[in-house]
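Sequential numbering of the sequence shown, starting at 1, is according to our numbering.
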Amino acid sequence: MKQSLRIWITGASSGIGEAAAEALAHAGHKVFVSARNAQKLEALCARHPERMAHASCDVTDAKSVAQAFESVTARWGGIDVLIPNAGIGYFDPLQEASLHEWHAMVNVNVTGVLNTLHAALSSLIENKGHVINVGSLASRQVFPNSGVYCATKHAVLAISESLRTEFRESLAVTT
């Protein structure tokens with residue numbers, strides 16, 4: 001493993017993404033963070049100005065994701081690790097949930113991962129990089145009031161398995 005990795009984390013303005021970014025920057029890696037909330041990203045990067053950079057990015061918009069990837073590439077010449085972490089969850093009984101919430105979960109949790117992979121995959125393969133998809137027990141087990149969320153996590157698991165199968169020699173994949 002390289003001493004200092006170039007890492008891109010989506011959904012880094014809070015939660016797992018923010019905590020991972022903090023820990024990885026503290027460990028000496030270069031961390032590029034993206035999310036929709038530019039103010040939170042600026043505050044995060046201000047704590048690690050030598051090791052962090054950011055771009056506002058909506059993972060459901062392929063153009064926005066491509067622009068964020070162009071930013072990290074311009075800054076560091078590519079990436080070694082991708083953590084497509086952006087995600088949302090709504091937990092209601094299926095008959096009470098809204099289509100808007102269902103579509104939002106699919107768009108962020110699945111399409112967001114695909115948009116991010118599409119933008120970064122060539123760089124990752126070239127650098128024999130690593131994709132770390134944020135999974136969940138929900139990718140392997142269904143729970144009440146979480147059918148669509150579980151479906152999105154099943155999809156992320158399938159995407160991970162596909163990457164692992166197709167790029168066995170040139171890409172590490174963790175879920």
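Note that CB positions come from ideal geometry on N, CA and C, so glycine has one too.
**Report entry** Contact check, S162 vs K128, beta carbons under 8 Å
**Finding:** Here residue 162 refers to the residue found at position 162 of the sequence shown. Here residue 128 refers to the residue found at position 128 of the sequence shown. Not a contact, by the Cβ cut-off of 8 Å.
**Prompt:** For N37, which residues from the same chain have a beta carbon less than 6 Å from its beta carbon, with the 5 sequence-adjacent residues on both sides left out?
**Reply:** On the sequence shown, residue 37 is found 37 positions in, with the first residue counted as 1. Only S13 meet the Cβ criterion.
ask   = When the Cα atoms are used, what is the spatial distance from I88 to A119?
value = Taking the first residue of the sequence shown as position 1, residue 88 is located at position 88. Taking the first residue of the sequence shown as position 1, residue 119 is located at position 119. Rounded to the nearest angstrom, the two C-alpha atoms are 21 Å apart.
| request: Can you give me the Cβ contacts of M1 inside the same chain, cut-off strictly under 6 Å, excluding the 5 residues immediately before and after it? | output: Numbered from its first residue, the sequence shown carries residue 1 at position 1. In this predicted model, M1 has a pLDDT of only 47, less than 50, meaning its place in the structure is not dependable; the value taken from the coordinates is given anyway. Taken in chain order, the list of residues that qualify is empty.
_For F69, tell me which candidate among A43, H100 and W8 has the shortest Cα-Cα distance._
Counting from one through the sequence shown, the residue named residue 69 turns up at place 69. Comparing C-alpha distances from F69 to each of A43, H100 and W8 shows the shortest one belongs to W8.
Would you list the residues sitting across from A130 in a DSSP beta bridge?
Within the sequence shown, numbered from 1, the residue matching residue 130 stands at position 130. The sequence shown places His at residue 130, not Ala. The partner list for H130 (beta bridge, DSSP) reads V81 and A172.
Inset, instruction - Count the other C-beta atoms from every protein chain shown that fall within 10 angstroms of the C-beta of L124, then say buried if there are 16 or more, exposed otherwise. - result: On the sequence shown, residue 124 is found 124 positions in, with the first residue counted as 1. Answer is buried; the Cβ neighbour count reaches 16.
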